[in-house]
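Each residue of the sequence shown is one higher than the one before, starting from 2 at the first, in my numbering. Just so you know, even glycine gets a beta-carbon here, dropped at the ideal spot from N, CA and C. This structure is a prediction, so every number in the text was calculated from the model and none was measured.
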Amino acid sequence: MRQTLDSILNTEAGVAPGTLAEARRLAVEKGMGLGEALVSKKALTERQYLAALGRLHGMEVWERLGGSQPLEYAYTSKVPIQFLKRHKMVPLFFQPRKNGQEDPGPAPAPVIALADPSAFHALDDLRRVLGVRERAAVLAPQQEILSAINTAYDQGRGSAEQLVQDMEEESTDEIISELEKTADLLDDTSDAPIIKLVNHILSQAVKARASDIHIEPYQVQLKVRYRVDGILYDLITPPKRIQSAIISRIKVMASMNIAEKRLPQDGRIEIRIGDKNVDIRVSTVPTAFGERVVLRLLDKSSTLLSLTDVGFSEAQLRIVDDLIRAPHGIILVTGPTGSGKTTTLYAVLSTINTPDINIITIEDPIEYQIEGIGQIQVNPKIELTFARGLRSIVRQDPDVILVGEIRDHETAEIAVQSSLTGHLVFSTLHTNDSASAITRLNDMGVEPFLISSSVLAVLAQRLVRKLCKVCKEEYAPDDAALATLRLTRRNLEGHEVFRGVGCPECLMTGYRGRIGIFEIMLMEKNLKSLLLQSQDSNQIKAMAVENGMLTLRRDGVRKVLAGTTSIEEVFRVTQQ
Numbered sequence: 002m003r004q005t006l007d008s009i010l011n012t013e014a015g016v017a018p019g020t021l022a023e024a025r026r027l028a029v030e031k032g033m034g035l036g037e038a039l040v041s042k043k044a045l046t047e048r049q050y051l052a053a054l055g056r057l058h059g060m061e062v063w064e065r066l067g068g069s070q071p072l073e074y075a076y077t078s079k080v081p082i083q084f085l086k087r088h089k090m091v092p093l094f095f096q097p098r099k100n101g102q103e104d105p106g107p108a109p110a111p112v113i114a115l116a117d118p119s120a121f122h123a124l125d126d127l128r129r130v131l132g133v134r135e136r137a138a139v140l141a142p143q144q145e146i147l148s149a150i151n152t153a154y155d156q157g158r159g160s161a162e163q164l165v166q167d168m169e170e171e172s173t174d175e176i177i178s179e180l181e182k183t184a185d186l187l188d189d190t191s192d193a194p195i196i197k198l199v200n201h202i203l204s205q206a207v208k209a210r211a212s213d214i215h216i217e218p219y220q221v222q223l224k225v226r227y228r229v230d231g232i233l234y235d236l237i238t239p240p241k242r243i244q245s246a247i248i249s250r251i252k253v254m255a256s257m258n259i260a261e262k263r264l265p266q267d268g269r270i271e272i273r274i275g276d277k278n279v280d281i282r283v284s285t286v287p288t289a290f291g292e293r294v295v296l297r298l299l300d301k302s303s304t305l306l307s308l309t310d311v312g313f314s315e316a317q318l319r320i321v322d323d324l325i326r327a328p329h330g331i332i333l334v335t336g337p338t339g340s341g342k343t344t345t346l347y348a349v350l351s352t353i354n355t356p357d358i359n360i361i362t363i364e365d366p367i368e369y370q371i372e373g374i375g376q377i378q379v380n381p382k383i384e385l386t387f388a389r390g391l392r393s394i395v396r397q398d399p400d401v402i403l404v405g406e407i408r409d410h411e412t413a414e415i416a417v418q419s420s421l422t423g424h425l426v427f428s429t430l431h432t433n434d435s436a437s438a439i440t441r442l443n444d445m446g447v448e449p450f451l452i453s454s455s456v457l458a459v460l461a462q463r464l465v466r467k468l469c470k471v472c473k474e475e476y477a478p479d480d481a482a483l484a485t486l487r488l489t490r491r492n493l494e495g496h497e498v499f500r501g502v503g504c505p506e507c508l509m510t511g512y513r514g515r516i517g518i519f520e521i522m523l524m525e526k527n528l529k530s531l532l533l534q535s536q537d538s539n540q541i542k543a544m545a546v547e548n549g550m551l552t553l554r555r556d557g558v559r560k561v562l563a564g565t566t567s568i569e570e571v572f573r574v575t576q577q
């Protein structure tokens with residue numbers, strides 16, 4: 002007797018009949034599939050549901066698509082991307098190989114990966130368009146299918162260099178065109194080479210996990226660079242003659258004044274690339290050789306990190322958890338621009354965000370919207386500054402206040418007064434270490450006795466690049482490398498030290514992703530007493546270390562010995 006889907010889900014995935022009935026009701030109400038409903042109710046994982054479907058239909062399940070085998074993407078000119086996305090299926094044409102080389106013989110029929118085996122009509126249509134008789138099909142997760150579709154249509158459009166070559170036949174007047182944005186850059190069917198090039202630059206940046214794109218004009222060349230994991234890499238060097246076309250296209254997308262080239266401008270672009278919603282902040286400044294453009298990319302579809310993901314050790318996590326549940330006081334996060342301060346504070350707010358607490362923030366800019374939290378955007382044009390916004394927030398009966406940055410005496414003073422009147426205040430400062438934050442507040446005119454009575458702790462942080470898990474290798478560092486972090490051979494006993502080699506997964510850098518290293522200075526009694534006598538940051542730091550504070554470099558060393566990052570990376574971000 003053939004099993005039903007319900008019986009397979011019940012016996013093999015442990016889904017109770019009542020849960021199945023609820024999921025079916027939810028699927029009808031929300032217009033979603035049964036699998037999506039079960040996953041949303043956390044009754045099982047998507048892979049468990051696919052395994053059940055595979056068992057029912059006698060189909061193989063592929064958890065990863067592509068892998069190390071090369072693929073052909075010629076079908077992208079025949080099949081619209083919207084069709085594949087709507088039906089969540091993708092053909093995989095594997096290049097035949099013999100003895101490690103491409104085989105010129107006939108290519109095998111494709112394997113078609115799909116998320117829903119009931120879409121057999123669409124599967125037949127796709128097979129007919131591709132001219133394939135056999136219907137070899139496998140099941141795969143939706144995310145893997147969407148990623149494979151995006152990769153195929155991205156690769157099928159050619160490289161940035163090829164797009165630049167296509168422009169050699171276009172006149173400058175033809176290149177500059179004011180066309181409407183599309184919802185998804187991969188769906189853009191425009192033939193204008195400049196639009197293709199700008200779309201390619203943006204989609205490649207998202208694919209490479211870049212945080213910024215720099216378009217830099219020089220005397221005889223134009224450079225396009227990406228910042229990935231804090232480091233800038235060259236992408237392409239387009240011909241100088243299309244500089245104004247690229248910049249004009251970006252200005253059109255950002256709703257900026259394309260005629261104004263003498264003054265700095267700011268704009269914003271919202272795009273979708275595949276399954277990612279990306280918010281782009283655009284800034285232009287005039288230079289001697291034309292306008293310089295920097296685009297900051299914020300992936301709105303990415304989830305906020307939790308406190309356990311940002312890089313705290315278990316001991317640090319316990320300290321932070323106690324601090325953020327204090328009834329009042331100031332907690333400062335310090336570090337240079339781009340050191341992850343805002344990400345850490347968002348993780349904190351997500352942790353304490355409950356219906357019984359009123360949290361209000363004032364930020365510049367609001368990088369992520371958090372449900373249940375009131376977020377105010379600074380706007381200097383209408384004189385809505387941090388100080389003015391903070392003064393209004395206090396009258397909104399908040400329990401927790403986040404001030405994006407303390408920049409002046411007025412903001413610092415209101416923040417201190419707010420903490421003394423029963424509010425828990427979080428804010429950031431631009432200083433090199435935790436002890437320097439105290440000196441900076443004093444320089445802003447905040448009295449030492451107010452600092453000692455209001456500040457609970459100062460957290461300094463940096464971001465180090467994580468070694469790529471695919472290509473990292475163990476090695477024995479030389480004495481010179483150990484000396485940079487004041488390590489000895491004895492320190493390495495019982496530990497393995499790794500370095501990155503470089504592979505396609507990490508774009509040949511040896512690193513993929515970043516993690517925080519931290520220094521938490523608790524304002525204990527002896528530190529408060531010292532603060533009333535001296536504001537020297539060296540003395541404050543020395544006493545904090547005596548109290549057991551782990552410095553940025555020592556925390557970095559811990560992550561080196563844990564195999565998370567490299568010696569060179571910790572030295573790069575902690576050298577004074």
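- Looking only at E61, P328, V502, the smallest Cα-Cα distance to K473 is reached by V502.
- Unbroken alpha helix (DSSP H) runs of no fewer than 4 residues, entirely contained in the stretch 184 to 260, are found at 194 to 208, 244 to 254, following chain order.
- Counting C-beta atoms within 10 angstroms of its own C-beta, T489 has fewer than 16 neighbours from the protein chains shown and is therefore classed as exposed.
- Secondary-structure assignment with DSSP links G268 through a beta bridge to V283.
- In the DSSP assignment, F427 falls within the beta strand (DSSP E) that extends over 425 to 430.
- Contact annotation: A123 and L93 have beta-carbon atoms that are not nearer than 8 Å.
- Burial check for E475: the Cβ neighbour count within 10 Å stays below 16, so the residue is exposed.
- Around C507, the same chain offers C469, R513 as residues with beta carbons nearer than 6 Å, after the five sequence neighbours per side are excluded.
- Of the candidates G517, A141, V80, L264, L264 places its Cα closest to the Cα of V294.
- Only buried fits H424, as 16 or more other CB atoms lie within 10 angstroms of its CB.
- A direct Cα-to-Cα measurement between L308 and L318 gives close to 7 Å.
- Contact check between the stretch 279 to 286 and the stretch 191 to 202: fewer than three CB pairs, one atom from each, fall below 8 Å, which does not count as touching.
- Contiguous alpha helix (DSSP H) elements confined to the stretch 327 to 412 occur at 342 to 353, 387 to 394, taking only those with 4 or more residues.
- Distance from the Cα of T566 is smallest, within the candidate group L531, F499, S535, for F499.
- In the structure shown, the three-state DSSP call for M550 is coil.
- Fewer than three pairs of CB atoms, one per stretch, sit closer than 8 Å, so the stretch 393 to 412 makes no contact with the stretch 513 to 524.
- A buried status is given to K342, since no fewer than 16 other beta-carbon atoms sit within 10 Å of its beta-carbon.
- By the Cβ test, the stretch 443 to 454 is not in contact with the stretch 545 to 554, since fewer than three Cβ pairs between them sit closer than 8 Å.
- Contact annotation: the stretch 386 to 403 touches the stretch 354 to 366, with at least three C-beta pairs closer than 8 Å.
- Straight-line spacing of the CA atoms in V139 and A120 works out to 12 Å.
- Annotation: the continuous beta strand (DSSP E) that includes G517 extends over 512 to 523.
- Here L562 carries a helix assignment [DSSP, helix/strand/coil].
- The beta carbons of P239 and F290 sit no closer together than 8 Å.
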